[in-house]
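Residue numbers (this note's numbering): 59 to 102.
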């Protein structure tokens, strides 16, 4: 999940509400990180 805060865009876990990356200047950068997280989550 991507959340916009004052510092920038953050990638945050929906379930545990943990920060998975950020701050990013643009939404596109945050989306790229979110894709990385999803990719490695489904590796097994």
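Every residue, glycine too, gets a C-beta built ideally from N, C-alpha and C.
Item	Value
In the DSSP assignment, find the alpha helix (DSSP H) that holds residue 99 and state where it starts and stops.	85-99
With respect to the beta strand (DSSP E) encompassing residue 62, which residues constitute its N-terminal and C-terminal limits?	60-63
Any idea if residue 95 is buried or exposed, counting beta-carbon neighbours within 10 angstroms, 16 or more meaning buried?	exposed
I want to check one thing, is the minimum distance from the CB of residue 59 to the heavy atoms of the ligand HEM below 8 angstroms?	Among the ligands in the structure shown, none appear at all, so the ligand HEM cannot be discussed.
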